[in-house]
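**Q** Chains as they are written, first to last, in the numbering used here: chain A, 28 to 351; chain B, 90 to 353.
Even glycine gets a Cβ: it sits at the ideal position worked out from N, Cα and C.
In this text, all values refer to a predicted model and were calculated from it rather than measured experimentally.
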């Protein structure tokens, strides 16, 4: 299963490198780009397409992994990184620096502000939910954080000094991987890796949680620590992802759902599978965004939601009898 | 030799004293039946004994060692807890679910090994669920599901098994089977404490009975000393039929005492 998913990610990664406005002979360009004179095509490959494909893997993997971990933690198939308010708080941070015009002067301001927003959301969430919060309290606290961040985003858009700032902020919120460079990869990678490690090592307690809090604790897990680990891990990698890509919905919700039957519904085994699935889905969606013959390139968040929402409905109808 | 002991345990929940200065003791090799009316504090006592709940006052010791001073993972190997009506949140496969009981024994980086697989299988064999091993938990009947969850607790291979109503959803055949199993676990020099509502089963299979009423230990001792008509009448508010047969004594609740004469 994991091998098959890895192959899919690899194939999509290569396909993503080969996809774009300029058609280039992939292997020859790749060889040339390692030489002294990469040429124009080499530059396109290394400086434009490679970071874009890498970011699709980083962001998609984070969304898939975080969605699976949060669904396991909250034992709720509707949980996703959006639910706990991380995505929208990161979005709020970004909107604020765009609003105050800082973004125009300093290109790193947006990712840094977004990560700060995500961090504040997590601190707020852990504070609101308290030490011994149950899954329901965590979801409710997340919904509250989410709603408040959403309200502040609306407020900022409402009071925006110029229509250009609104357009810029809204476009950023729609999510995209276009025109990203290796700087963005290096910004998001460290925190993303921290998040991935935190989430991937939570497999065993998440499995134990399938039998309820009491049994998980009787099996030797400190649930406050497990909750902190998963929420923090999700915030790190999703926050770092949103910081460079904008908000991309539905990946964290749909991918774990789709893959759960293939891993025997085990929350622990779902983690890595869902991370790979998220990476594959985002690579594919990003290629679709580039390939669709529309003069205005579609935003990635729009594509994932357009594919994700109807697909999710279909999934619910098909599995409603077995849904717990 | 006293192995699992609680001294002066007091627990308040939401301003109500659920347990009031409770002393409890279970020895190795015995099955202790924890009985009492609904809301008497049986489950709370069981959770305190498991270490899931820290009492407001009093303490629990296992082999003279303060329970909470034992590291989490070591404690998880020693004590298995089987809650009543426990949820299973995902439709897991039965053998994978039972294997979750092996988690405390797995090393931090290694998965489950051969020995774990053997223990999982033997736990499933003991509760008669080997046939179900590749079924999905959500497709099972209540009785089958209950036996799978018991197998999960047995897979821990604990020194102490604390079971909350382990037989309440089972048919007579499997009730007897599980009670025999609890006895069997205890004879292995382990401790079994089970919350029971069936007085007949409690009388027959438990070495000792502890009767909780309104957060206090009302009576404790051998089954025939605790399950007398007088005690059952005053605590549960029911008349009983007791009989001695060549196979053994039994006690059956028969008729409610008029609510006017029974003060709960």
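1. Of all the alpha helix (DSSP H) runs that stay within the bounds of the region 86 to 146 of chain A, which reach a length of 4 or more residues?
2. Does the region 97 to 108 of chain A come close enough to the region 119 to 127 of chain A to have 3 or more Cβ pairs within less than 8 angstroms?
3. If the cut is a Cβ gap below 8 angstroms, which residues of chain A does residue 141/B touch?
4. Any beta carbon of chain B sitting closer than 7 angstroms to that of residue 301/A?
5. What is the C-beta distance between residue 82/A and residue 272/A, in whole angstroms, given that I count them as a contact (C-beta under 8 angstroms)?
6. Tell me whether the beta-carbon of residue 152/A lies closer than 7 angstroms to the beta-carbon of residue 172/A.
7. In angstroms with no decimal places, state the Cα-to-Cα distance between residue 255/B and residue 179/B.
8. I want to see whether chain A comes within less than 7 angstroms of residue 161/B, judged by CB atoms only; does it?
9. Could you work out which residues of chain A lie near residue 144/B, taking near to mean beta carbons separated by less than 8 angstroms?
10. Verify the CB distance criterion: does residue 173/B have a CB-CB separation below 7 angstroms to chain A?
11. Mind checking the region 208 to 238 of chain A against chain B and listing, in chain order, the residues whose C-beta falls within less than 7 angstroms of any C-beta there?
12. Would you list the residues sitting across from residue 342/B in a DSSP beta bridge?
13. So if I threshold CB-CB distances at 9 angstroms, which residues from the region 246 to 267 of chain B count as touching chain A?
14. Which residues, in order along the region 178 to 191 of chain B, keep a beta-carbon less than 7 angstroms from a beta-carbon of chain A?
15. From the beta carbon of residue 115/B, is the nearest beta carbon of chain A less than 7 angstroms away?
16. At least one CB of chain B closer than 7 angstroms to the CB of residue 8/A: is that the case?
17. Out of 305/B, 169/B, 208/B, point me to the one whose CA is closest to residue 280/B's CA.
18. Check the Cβ-Cβ distances between residue 206/B and every residue of chain C, and say whether any is below 7 angstroms.
19. Once the 5 residues before and after residue 287/A are set aside, which same chain residues still bring their CB inside 7 angstroms of it?
20. The region 279 to 301 of chain A: which residues have C-beta closer than 7 angstroms to a C-beta of chain B, in chain order?
21. Answer with yes or no whether the minimum CB distance from residue 325/B to chain A is below 7 angstroms.
22. Name the chain A residues that come within less than 9 angstroms of residue 164/B, Cβ to Cβ?
23. Kindly indicate the opening and closing residues of the alpha helix (DSSP H) around residue 165/B.
24. Is the beta carbon of residue 261/A sitting closer than 7 angstroms to the one on residue 93/A?
25. For residue 115/B versus residue 282/B, is the C-beta spacing smaller than 7 angstroms?
26. Can you check which of these residues, 305/A, 269/A, 114/A, 232/A, is closest to residue 195/B by C-alpha distance?
27. Is there at least one Cβ from chain B nearer than 7 angstroms to residue 102/A's Cβ?
28. Given that a residue counts as buried once 16 or more other Cβ atoms are within 10 Å of its Cβ, and exposed if not, what is residue 293/A?
29. Quick check: what's the CA-CA separation for residue 117/B versus residue 275/B?
30. Using beta-carbon positions only, say whether residue 274/A and residue 89/A come within less than 7 angstroms of one another.
31. According to DSSP, residue 212/B sits in a beta bridge with which residue or residues?
32. Whose CA, out of 305/A, 40/A, 96/A, 103/A, lies closest to the CA of residue 72/A?
33. Can you give me the C-alpha to C-alpha distance between residue 330/A and residue 316/A, rounded to a whole angstrom?
**A** Per the coordinate set shown:
1. Counting whole runs of 4 or more residues, the region 86 to 146 of chain A contains the alpha helix (DSSP H) stretches 113 to 126, 129 to 132.
2. Segments in contact, no.
3. 241, 244, 245, listed in chain order.
4. No - not a single Cβ of chain B is within 7 angstroms of the one on residue 301/A.
5. Right, the Cβ-Cβ distance comes to about 6 angstroms (below 8 angstroms), so this counts as a contact.
6. With contacts defined by Cβ atoms closer than 7 angstroms, residue 152/A and residue 172/A form a contacting pair.
7. If I take the Cα positions, the gap works out to 21 angstroms.
8. Yes, because at least one Cβ of chain A sits closer than 7 angstroms to the Cβ of residue 161/B.
9. Chain A residues near residue 144/B: none, gap ~16 angstroms exceeds 8 angstroms.
10. So, not an interface residue.
11. Look at the region 208 to 238 of chain A: the residues with a C-beta under 7 angstroms from a C-beta of chain B are 231, 234, 235, 237, 238.
12. 329/B, per the DSSP bridge assignment.
13. Contacts with chain A (Cβ-Cβ distance below 9 angstroms) from the region 246 to 267 of chain B involve 251, listed in chain order.
14. So the close ones are 178, 179, 180, 181, 182, 185, 189.
15. Not one chain A Cβ lies under 7 angstroms of residue 115/B.
16. Nothing about residue 8/A can be reported from this structure: the residues present for chain A run from 28 to 351 only.
17. Looking at the Cα atoms, 169/B is the closest of the given residues.
18. Note that chain C does not occur in the displayed structure, where the protein chains are A and B.
19. Excluding sequence neighbours, residue 287/A sits near 297.
20. Cβ contacts with chain B come from 291, 292, 293, 294.
21. Residue 325/B does not count as touching chain A.
22. Near residue 164/B (Cβ distances below 9 angstroms), the residues of chain A are 245, 247.
23. Segment 161 to 167, the alpha helix (DSSP H) holding residue 165/B.
24. The criterion of a C-beta distance shorter than 7 angstroms is satisfied by residue 261/A and residue 93/A.
25. Contact: yes.
26. Closest by C-alpha distance to residue 195/B, out of 305/A, 269/A, 114/A, 232/A, is 232/A.
27. For residue 102/A, at least one C-beta of chain B is nearer than 7 angstroms to its own C-beta.
28. With 16 or more Cβ atoms within 10 Å of its Cβ, residue 293/A is classed as buried.
29. Taking C-alpha positions only, residue 117/B is separated from residue 275/B by approximately 7 angstroms.
30. Not a contact, by the Cβ cut-off of 7 angstroms.
31. When DSSP reads this structure, residue 212/B sits in no beta bridge, so it has no partner.
32. Nearest to residue 72/A by alpha-carbon distance, out of 305/A, 40/A, 96/A, 103/A, is 40/A.
33. Spanning the two alpha carbons is a distance of roughly 7 angstroms.
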